[in-house]
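Q:
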Amino acid sequence: MNSVGEACTELKREYDQCFNRWFAEKFLKGESAGDPCGQLFKRYQLCVQKAIKEKDIPIEGLEFMDPSKGKAENSS
Amino acid sequence: HPWETVTTAAMRKYPNPMNPSVVGVDVLQRHVDAGGKLHSHRLLSTEWGIPAIVKSLIGTCRTRTYVQEHSVVDPVEKTMELKSSNISFTNLVSVDERLVYKPHPQQPGKTVLTQEAIISVKGVSLSSYLEGLMANTISSNAKKGREALEWVINRLNTELEELAASARGSLRNPMAAAAFVEK
Numbered sequence: 001m002n003s004v005g006e007a008c009t010e011l012k013r014e015y016d017q018c019f020n021r022w023f024a025e026k027f028l029k030g031e032s033a034g035d036p037c038g039q040l041f042k043r044y045q046l047c048v049q050k051a052i053k054e055k056d057i058p059i060e061g062l063e064f065m066d067p068s069k070g071k072a073e074n075s076s
Numbered sequence: 001h002p003w004e005t006v007t008t009a010a011m012r013k014y015p016n017p018m019n020p021s022v023v024g025v026d027v028l029q030r031h032v033d034a035g036g037k038l039h040s041h042r043l044l045s046t047e048w049g050i051p052a053i054v055k056s057l058i059g060t061c062r063t064r065t066y067v068q069e070h071s072v073v074d075p076v077e078k079t080m081e082l083k084s085s086n087i088s089f090t091n092l093v094s095v096d097e098r099l100v101y102k103p104h105p106q107q108p109g110k111t112v113l114t115q116e117a118i119i120s121v122k123g124v125s126l127s128s129y130l131e132g133l134m135a136n137t138i139s140s141n142a143k144k145g146r147e148a149l150e151w152v153i154n155r156l157n158t159e160l161e162e163l164a165a166s167a168r169g170s171l172r173n174p175m176a177a178a179a180f181v182e183k
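Those protein sequences? They're chains A and B, same order as listed. Positions 1 to 76 (UniProt numbering) are the ones given, in order, by the first sequence. Positions 1 to 183 (UniProt numbering) are the ones given, in order, by the second sequence.
Here it is as structure tokens:
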């Protein structure tokens, strides 16, 4: 699957591989601590943000920066 | 299929032959919240993406459209919720979709999907014929979505089998095993 930015597709693939493994083997089994993909994600993110600006895609209200920042959610 | 399988497949839904219009998927933001739930904001790029019914109203042909998707996966409660809406042509049409995957309450090893879509076309009052047409499109899209996940699940299982087979045979044929892993 390609990225919205053609140059980002390889970075995306590397990140996706890491994430898919973590998601199925750790997260779904209840071990969500740790983020082995943080570095890959940051590099991929920078590329995507640039592509989105260049293509003028109307993304609003989403925070791009710092994927490690967690938002507290109310769960009832 | 069990909920974990369906959720894993849903995360890797594209590309698949039932959704040829989706040409790009990007993660814009992702984090685990204080409650342990995984939030992902993704951008889907589609090559045409506009239902035929709307195309006939606004007269647009092939065009790149974008959809934003927010998903939440709760591994404890075992729910996955996806909400998506178009971010292109919002001045003309809104397509909001919500999908929820949960384990089947009575049949273990199965997953229940609840899906709803709200389509509004701005400034046009829809006749009942158009509404009927949209309802058909939505339900055939829902069926397509299930077929798409079946396809992804099959592919994931094949990958695992081939990996296991090649690992067994890799002592004899290391080149083939390496070539497969790179694919």
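We put the CB at the ideal spot given by N, CA and C, even for glycine. Note that the coordinates shown come from a computational prediction; the quantities given were computed from them, not determined experimentally.
1. Closer than 7 angstroms between beta carbons: that is the criterion. Which residues of the stretch 77 to 91 of chain B meet it against chain A?
2. Shortest alpha-carbon distance to Ile138 (chain B) belongs to which of B:Ile153, B:Arg98 and B:Asn157?
3. If we count Cβ pairs, one from each stretch, closer than 8 angstroms, do we get three or more for the stretch 149 to 165 of chain B versus the stretch 6 to 18 of chain B?
4. Provide the residue span of the alpha helix (DSSP H) that contains Lys50 (chain A), from first to last.
5. Check whether the Cβ atoms of Lys42 (chain A) and Asp26 (chain B) sit closer than 8 angstroms, and answer yes or no.
6. Taking 7 angstroms as the limit between beta carbons, can you name the residues of its chain near Thr9 (chain A), skipping five residues before and five after?
7. Does the beta carbon of Glu4 (chain B) sit closer than 8 angstroms to a beta carbon anywhere in chain A?
8. State the Cα-Cα distance for the pair Leu40 (chain A) and Ser88 (chain B), rounded to the nearest angstrom.
9. Between Pro58 (chain A) and chain B, is the shortest Cβ-Cβ distance under 8 angstroms, so that the two count as touching?
10. Nearest chain B C-beta to Gly30 (chain A) closer than 8 angstroms, yes or no?
11. Where in the stretch 23 to 107 of chain B do unbroken runs of the alpha helix (DSSP H), each at least 4 residues long, occur, reported from the N-terminal end onward?
12. Taking CB distances under 8 angstroms as the criterion, tell me whether Gly36 (chain B) reaches chain A.
13. Candidates B:Gln29, B:Thr65 and B:Gln107: which alpha carbon is nearest Gly38 (chain A)'s?
14. Taking only three categories from DSSP, how would you classify Cys20 (chain A)?
15. Which chain A residues sit within Cβ distance under 8 angstroms of Thr46 (chain B)?
A: With the structure as the only source:
1. From the stretch 77 to 91 of chain B, only Ile87 have a Cβ closer than 7 angstroms to chain A.
2. The candidate whose alpha carbon is nearest that of Ile138 (chain B) is B:Arg98.
3. Per the Cβ contact rule, the stretch 149 to 165 of chain B is in contact with the stretch 6 to 18 of chain B (3 or more Cβ pairs under 8 angstroms).
4. Lys50 (chain A) -> alpha helix (DSSP H) spans Gly38 to Lys55.
5. No, the Cβ-Cβ distance between Lys42 (chain A) and Asp26 (chain B) is not below 8 angstroms.
6. Same-chain partners within the cutoff: Asn2 and Ser3.
7. Cβ-Cβ to chain A under 8 angstroms: yes for Glu4 (chain B).
8. Cα-Cα distance, rounded: 29 angstroms.
9. Closer than 8 angstroms to some Cβ of chain B, the Cβ of Pro58 (chain A) qualifies, so yes.
10. Yes, because at least one Cβ of chain B sits closer than 8 angstroms to the Cβ of Gly30 (chain A).
11. Entirely contained in the stretch 23 to 107 of chain B, the alpha helix (DSSP H) runs reaching 4 residues are, in chain order, 52 to 58.
12. By this cut-off, Gly36 (chain B) is an interface position.
13. Checked all of B:Gln29, B:Thr65 and B:Gln107; the closest Cα to Gly38 (chain A) is B:Gln29.
14. Before going on, a small fix: residue 20 (chain A) reads as Asn here, not Cys. Helix, per DSSP.
15. The contacting residues do not exist; Thr46 (chain B) stays about 11 angstroms from chain A at best.
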